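K.L.:
Number of protein chains: 2
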Amino acid sequence: MVYFHNAPASLRLKELAKKPLDLTQEGALTPERIRAMRTDGMGLELLYATERVSHETLEALFSLSLEMGVHDKMVAMQAGEKLNCIHGYPSENRAVLHTAMRDLFEHPQSSPVASQATALARREFEKLKSWIHGVEAAAHFTTMVQVGIGGSDLGPKAIYLALRAFQRPKRHIHFISNVDPDDAAQVVREVDLSKTLFVIVSKSGTTLETNTNEALIRHYLEEEGLDPRKHLIAVTGEGSPMDDPLRYLASFYIWDYVGGRYSVTSMVGGVILAFALGFDLYAQFLKGAHEMDQIALKERGFKNLPLLAALLSIWNRNFLDLPTSAIIPYSQALSRFPAHLQQLEMESNGKRIDQEGNSVSFETGAIIWGEPGTNGQHSFFQLIHQGTTPIPLEIIGFRKSQYGEDLLYQESSSQQKLIANLFAQALALSVGQKSSNPNQLFPGNRPSRILFAEKLDAHTMGAILSFYEHQVAFQGFLWGINSFDQEGVQLGKRLATEFTKQFVHKNKGEPLDIRGFPLGVAFLESI
Amino acid sequence: MVYFHNAPASLRLKELAKKPLDLTQEGALTPERIRAMRTDGMGLELLYATERVSHETLEALFSLSLEMGVHDKMVAMQAGEKLNCIHGYPSENRAVLHTAMRDLFEHPQSSPVASQATALARREFEKLKSWIHGVEAAAHFTTMVQVGIGGSDLGPKAIYLALRAFQRPKRHIHFISNVDPDDAAQVVREVDLSKTLFVIVSKSGTTLETNTNEALIRHYLEEEGLDPRKHLIAVTGEGSPMDDPLRYLASFYIWDYVGGRYSVTSMVGGVILAFALGFDLYAQFLKGAHEMDQIALKERGFKNLPLLAALLSIWNRNFLDLPTSAIIPYSQALSRFPAHLQQLEMESNGKRIDQEGNSVSFETGAIIWGEPGTNGQHSFFQLIHQGTTPIPLEIIGFRKSQYGEDLLYQESSSQQKLIANLFAQALALSVGQKSSNPNQLFPGNRPSRILFAEKLDAHTMGAILSFYEHQVAFQGFLWGINSFDQEGVQLGKRLATEFTKQFVHKNKGEPLDIRGFPLGVAFLESI
Chain A
1 MVYFHNAPAS
11 LRLKELAKKP
21 LDLTQEGALT
31 PERIRAMRTD
41 GMGLELLYAT
51 ERVSHETLEA
61 LFSLSLEMGV
71 HDKMVAMQAG
81 EKLNCIHGYP
91 SENRAVLHTA
101 MRDLFEHPQS
111 SPVASQATAL
121 ARREFEKLKS
131 WIHGVEAAAH
141 FTTMVQVGIG
151 GSDLGPKAIY
161 LALRAFQRPK
171 RHIHFISNVD
181 PDDAAQVVRE
191 VDLSKTLFVI
201 VSKSGTTLET
211 NTNEALIRHY
221 LEEEGLDPRK
231 HLIAVTGEGS
241 PMDDPLRYLA
251 SFYIWDYVGG
261 RYSVTSMVGG
271 VILAFALGFD
281 LYAQFLKGAH
291 EMDQIALKER
301 GFKNLPLLAA
311 LLSIWNRNFL
321 DLPTSAIIPY
331 SQALSRFPAH
341 LQQLEMESNG
351 KRIDQEGNSV
361 SFETGAIIWG
371 EPGTNGQHSF
381 FQLIHQGTTP
391 IPLEIIGFRK
401 SQYGEDLLYQ
411 ESSSQQKLIA
421 NLFAQALALS
431 VGQKSSNPNQ
441 LFPGNRPSRI
451 LFAEKLDAHT
461 MGAILSFYEH
471 QVAFQGFLWG
481 INSFDQEGVQ
491 LGKRLATEFT
501 KQFVHKNKGE
511 PLDIRGFPLG
521 VAFLESI
Chain B
1 MVYFHNAPAS
11 LRLKELAKKP
21 LDLTQEGALT
31 PERIRAMRTD
41 GMGLELLYAT
51 ERVSHETLEA
61 LFSLSLEMGV
71 HDKMVAMQAG
81 EKLNCIHGYP
91 SENRAVLHTA
101 MRDLFEHPQS
111 SPVASQATAL
121 ARREFEKLKS
131 WIHGVEAAAH
141 FTTMVQVGIG
151 GSDLGPKAIY
161 LALRAFQRPK
171 RHIHFISNVD
181 PDDAAQVVRE
191 VDLSKTLFVI
201 VSKSGTTLET
211 NTNEALIRHY
221 LEEEGLDPRK
231 HLIAVTGEGS
241 PMDDPLRYLA
251 SFYIWDYVGG
261 RYSVTSMVGG
271 VILAFALGFD
281 LYAQFLKGAH
291 EMDQIALKER
301 GFKNLPLLAA
311 LLSIWNRNFL
321 DLPTSAIIPY
331 SQALSRFPAH
341 LQQLEMESNG
351 KRIDQEGNSV
361 SFETGAIIWG
371 EPGTNGQHSF
381 FQLIHQGTTP
391 IPLEIIGFRK
401 SQYGEDLLYQ
411 ESSSQQKLIA
421 NLFAQALALS
431 VGQKSSNPNQ
441 LFPGNRPSRI
451 LFAEKLDAHT
461 MGAILSFYEH
471 QVAFQGFLWG
481 INSFDQEGVQ
491 LGKRLATEFT
501 KQFVHKNKGE
511 PLDIRGFPLG
521 VAFLESI
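If you read the protein sequences in the order shown, they are chains A and B. Under the numbering used here, read the first sequence as residues 1 to 527, first letter to last. Under the numbering used here, read the second sequence as residues 1 to 527, first letter to last.
Now the structure itself:
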């Protein structure tokens, strides 16, 4: 069997990495290279001339994708095969069908499993459509608060902020996620509870933070003399403890084959996005995501944007040994998109075993972080330019602003200055600068790539979201790991229960369990 | 001369790092260790039993601090010696006196330079006090928008959010930072311009993003028939282009010996914090920072909290070879504090030369990132527990919530669950878990430390801020680098100007300068 570490292309890439392209050399980064090293699809351009790859590197990377059979895996995933598993060990053993959530347009999947998932998704989609129209017609509720954590929070929040420029009038949107009681306390102060809908999101219906916040919210509503049942919406699995029409105004369903971090296009993001932006924009967002699903599924070679991006990431991570990757959107609207991608990538690919249960002998998921540019330039870019650990950048930019309100200042507009800064960073990082003053020396050879589009609208946002979902999946396929489970969060959960038990003892006036949990008790004593 | 790389203690630490303490071994992490490995000051506790340090390691780390003379450097810094320099090369050659901004309480510095800086700071402090009282008495303005980028944005925003629970009634606070015109467009939609003060913050008065946003804001105000001069406040250097009473309602001064990322306690943070929280809370915040300055200055050994933290960070970074560090506050109010620390640390210590101008032969500043817990547990913690690159955690927690609104749910409160999760993560990461199912195996030995306090109030926030400022400074002193300049941002700025020129050509209908800037033109063509 071919594994990532012994694939022939991997060995070739290892050789190439001993002397990677030197972008600081005269004649390495040329106008011709910049023009040639770009590819596009759906109006998105991927520019990668400032990555440290030669044509030979790219060829070896695509060979790797063939050797690891990633196209077949993408086909299998979208068709609903049970890719979420570890062979030979108990595991979730599920299909991975977030793509079915938006397979509502042209070229639908034909496999029975995927078709069935799409039929269910369509049912919820239509249910949401009529429910939202009802809410809009009644014109009573002005405010929606999403209550969820992890995938039920980061993705919906990131996309909401990304598209807030197109928000319907008189809509107020908030999020409560943390079990920290100050999170809910802060939000309830900012809303008129009588006009607020709370969307409680938990697939299992048993997420501790979300259940706890729901209890707080019910309490706040009751204190105001309001009936929680008239203000709470459930987004949950059918048959979960939260699937209860006596306790919620409405329920929308999600399924175990849609992982939390891949659930933005499901009802997890759907209810709040449709309320905030209107149902049509939500549908356009899904359509954008679906079209990128098609690119991931059908394109071969450079036209497969997420595959190309995944290969470049693998080159940086495994062959150039760069431990992190920074997402830098030159768009303030994408301020929380890096936090979503941080979850998407790190929870998916932060794994230490392959799908056969073997410990991997290579690095998997990089540490993903980032903030918008130009802000980052006035913050951590010092380290990116002159620090000792190079950081590859995934830059995102747009030709036009969302509001289109701009001004010439010193003969250029703000949007032009924004774009100028974006390209300036990619160029500066790659070519560097020589200087006799050592503090003004820039070593260069710091890789970046740029995803560029016309404007951040709902359709484009869907495409970018899906682009990243598939970049992450392709990386997992290349490494041969399971990008769809999260066993690594279980130990902390179990120990948190043990710590909580000690607080319960304390609340009941009982002694702490020193014998049963000596380490825990020592921590609690010490504070 | 003793350098970091050849200090006797460094060589001893290198030896120790070949076999660092194995926290997964029976008897390594004991209740006794947990109780012993903690230190406190000002009500802040630092728990470090879950770092991979033995007593021998700690001894060697403190020897290193003696060999590198870091105490003398801290004394010199707070006394106003010109530490911001590279010897033998042109450099900023300035004092580093952010501590003077809050040296307004007991035990003031006696050196003439520091006293002079404090006298100026006190002048602005008193000016702000009477100005804020005037604004409050007039009761006209309800809203303040801070317009600044980098240190003029991240720190003030992080601290404002941290203390928002104590906000004065009827105050609305916003921030505009990005040159992206959508940033300003979004904020002006959310405010009543007639009741809004804009604080324009730029030390030089020439920060491109801030000048551009100021122009946009003046335009928005004029469009509403409002006089910008009655709505704009300047925070800038005396004599800068922004120091102009004809164009601003009021001016507050800052000085070149206060770096942007160290400027929260100066008028950069002062105006908006005093408006939002009231002047007294701002003063308490300064007092907390000042008291921690005294600890950094006067304590030797373990009682010097920021020094101990700096040494632990150096151990993780240089001897255990861990490239990043994650800041995980178990407090939603600290949601943007990691972004501030990201700037503080990465801009300060992301350096490739020492203060003599030599290229360093060791790693400097780590990549700093983070999000609040428990949220992170539902996101990137999968990689922290089971990924291939260990990530040290700097956990922050509090015994009490800010609002004190809580509920018993399943017999424990939200705040108790929050604390339970905090300790559970530190414990799980250190001891790990054996399992016959490879997916349920946790390797452990992933270091963390915990900064714990009673409650996140203004005084404590000041102490925590100053704790980190000095942690960063001590790291820089240990490495022998200049933590106070940022030459690494210059190349990108220069190239951005070149790109902007091309847009100016375009705006004037002139051809792009293909001959003068072929690479730039190729980028602009290609999109």
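Cβ coordinates follow ideal geometry from the N, Cα and C atoms, glycine included. All values reported here derive from a predicted model rather than from experimental measurement.
Identify every residue that forms a DSSP beta bridge with residue 327 (chain A).
P.N.:
The partner list for residue 327 (chain A) (beta bridge, DSSP) reads A:394.
K.L.:
Secondary structure at residue 350 (chain B), three-state DSSP: helix, strand or coil?
P.N.:
Correct three-state label for residue 350 (chain B): coil.
K.L.:
If contact means a Cβ-Cβ distance below 9 angstroms, which residues of the region 482-506 of chain B contact chain A?
P.N.:
Residues passing the 9 angstroms Cβ filter: 482, 485, 486, 487, 488, 489, 490, 491, 492, 493, 494, 495, 496, 497, 498, 499, 500, 501, 502, 503, 504, 506.
K.L.:
Is it buried or exposed, residue 18 (chain B), if we count other Cβ atoms within 10 angstroms and call 16 or more buried?
P.N.:
Exposed is the call here.
K.L.:
Could you give the distance in angstroms between the alpha-carbon of residue 339 (chain B) and the alpha-carbon of residue 490 (chain B)?
P.N.:
Computed Cα separation, rounded: 21 angstroms.
K.L.:
Which one of B:173, B:149, B:369, B:259 has the shortest CA to CA distance from residue 214 (chain B)?
P.N.:
Answer by Cα proximity: B:149.
K.L.:
Alpha carbon to alpha carbon, what distance is there between residue 59 (chain B) and residue 299 (chain B)?
P.N.:
Taking the straight line from one Cα to the other gives about 16 angstroms.
K.L.:
For residue 330 (chain A), return the contacting residues in chain B, with the cut-off set at a CB-CB distance below 8 angstroms.
P.N.:
Residues of chain B passing the Cβ test: 180.
K.L.:
Hey, quick one: how far does the beta strand (DSSP E) through residue 530 (chain B) stretch, first residue to last?
P.N.:
Only positions 1 to 527 of chain B appear in this structure, which leaves residue 530 (chain B) out of reach.
K.L.:
Can you find the residues in the same chain that come closer than 6 angstroms, C-beta to C-beta, to residue 350 (chain A), ignoring five residues on each side of it along the sequence?
P.N.:
365.
K.L.:
Distance cutoff 7 angstroms, beta carbons only. Does residue 242 (chain A) sit that close to anything in chain B?
P.N.:
No, residue 242 (chain A) lies away from the interface with chain B (no Cβ there is under 7 angstroms from its Cβ).
K.L.:
How big is the Cα-Cα spacing for residue 446 (chain B) and residue 391 (chain B)?
P.N.:
Each residue's alpha carbon lies about 7 angstroms from the other.
K.L.:
Quick check: the region 90-107 of chain A against the region 19-38 of chain A, are there 3 or more CB pairs under 8 angstroms?
P.N.:
Not touching, per the Cβ criterion.
K.L.:
Quick one: list the residues of chain B neighbouring residue 586 (chain A), beta-carbon separation under 7 angstroms, in chain order.
P.N.:
Nothing in the structure corresponds to residue 586 (chain A), since chain A is present only between 1 and 527.
K.L.:
Under the assumption that residue 286 (chain A) contacts residue 102 (chain A) (Cβ atoms under 8 angstroms), give the Cβ distance between them as a whole number of angstroms.
P.N.:
Indeed they touch by this definition, with Cβ atoms about 4 angstroms apart.
K.L.:
Mark residue 535 (chain B) as exposed unless 16 or more other C-beta atoms lie within 10 angstroms of its C-beta, in which case mark it buried.
P.N.:
The first residue shown for chain B is 1 and the last is 527, placing residue 535 (chain B) beyond what the model contains.
K.L.:
Quick one: using the 10 Å Cβ neighbour count with 16 as the cut-off for buried, is residue 410 (chain A) buried or exposed?
P.N.:
Exposed.
K.L.:
Check the Cβ-Cβ distances between residue 254 (chain A) and every residue of chain B, and say whether any is below 7 angstroms.
P.N.:
Cβ-Cβ to chain B under 7 angstroms: no for residue 254 (chain A).
K.L.:
To be precise: take each residue of the region 5-22 of chain B, compare its Cβ to all Cβ atoms of chain A, and keep it if any distance is under 7 angstroms. Which residues remain?
P.N.:
Going along the region 5-22 of chain B in chain order, one finds no residue with a Cβ nearer than 7 angstroms to chain A.
K.L.:
So, at 7 angstroms on beta carbons, what are the nonlocal neighbours of residue 124 (chain B) in its own chain, with the 5 sequence-adjacent residues on each side left out?
P.N.:
Cβ neighbours of residue 124 (chain B) beyond the five flanking positions: 252, 253, 267.
K.L.:
Whole angstroms are fine: how far does the CA of residue 522 (chain B) sit from the CA of residue 453 (chain A)?
P.N.:
Computed Cα separation, rounded: 17 angstroms.
K.L.:
What did DSSP end up calling residue 65 (chain B) once you bin it into helix, strand or coil?
P.N.:
Of the three classes helix, strand and coil, the one that applies to residue 65 (chain B) here is helix, per DSSP.
K.L.:
On the CB-based measure, 16 or more other CB atoms within 10 Å of its CB, does residue 87 (chain B) come out buried or exposed?
P.N.:
So residue 87 (chain B) counts as exposed.
K.L.:
Which value, in whole angstroms, describes the spacing of the CA atoms of residue 380 (chain A) and residue 346 (chain B)?
P.N.:
Cα to Cα, residue 380 (chain A) sits roughly 5 angstroms from residue 346 (chain B).
K.L.:
With 7 angstroms as the C-beta to C-beta threshold (strictly closer), list the residues of the region 444-469 of chain A near chain B in chain order.
P.N.:
The region 444-469 of chain A vs chain B, Cβ under 7 angstroms: 452.
K.L.:
Among residues of its own chain, excluding the 5 on either side of residue 42 (chain A), which ones have a beta-carbon nearer than 6 angstroms to its beta-carbon?
P.N.:
These residues qualify, in order along the chain: 291, 463.
K.L.:
Determine whether the beta carbon atoms of residue 97 (chain A) and residue 257 (chain A) lie at a separation below 7 angstroms.
P.N.:
Yes, the Cβ-Cβ distance between residue 97 (chain A) and residue 257 (chain A) is below 7 angstroms.
K.L.:
Put residue 364 (chain B) into one of helix, strand or coil per three-state DSSP.
P.N.:
Of the three classes helix, strand and coil, the one that applies to residue 364 (chain B) here is coil, per DSSP.
K.L.:
Could you tell me whether the region 400-407 of chain A touches the region 175-184 of chain B, using the rule of 3 or more Cβ pairs below 8 angstroms?
P.N.:
Cβ pair count under 8 angstroms is three or more, so yes.
K.L.:
Please identify, using Cβ separations under 8 angstroms, the residues of the region 288-303 of chain B that lie next to chain A, in order along the chain.
P.N.:
So the list is empty, because no residue satisfies the distance condition.
K.L.:
Thinking just about the alpha-carbon of each residue, which of B:335, B:336, B:326, B:498 is nearest to the one in residue 369 (chain B)?
P.N.:
The shortest Cα separation from residue 369 (chain B) among B:335, B:336, B:326, B:498 belongs to B:326.
K.L.:
Which first and last residues belong to the beta strand (DSSP E) in which residue 38 (chain B) is found?
P.N.:
Counting along the chain, the beta strand (DSSP E) containing residue 38 (chain B) begins and ends at 38-41.
K.L.:
So, is residue 206 (chain A) buried or exposed, given that buried needs 16 or more other C-beta atoms within 10 angstroms?
P.N.:
Exposed: under 16 other Cβ atoms inside 10 Å.
K.L.:
What does residue 228 (chain A) reach in chain B if we use C-beta pairs closer than 7 angstroms?
P.N.:
Within chain B, no residue comes near residue 228 (chain A); the closest Cβ sits about 14 angstroms away, beyond 7 angstroms.
K.L.:
Under 8 angstroms, CB to CB, which of the residues in the region 45-73 of chain A have a partner in chain B?
P.N.:
Listed by position along the chain: 45, 47.
K.L.:
Going along the chain, which residues of the region 406-424 of chain B sit with their C-beta nearer than 9 angstroms to a C-beta in chain A?
P.N.:
Under the 9 angstroms Cβ criterion, the region 406-424 of chain B contributes 406, 407, 408, 409, 410, 411, 412, 413, 414, 415, 416, 417, 418, 419, 420, 421, 422, 423, 424.
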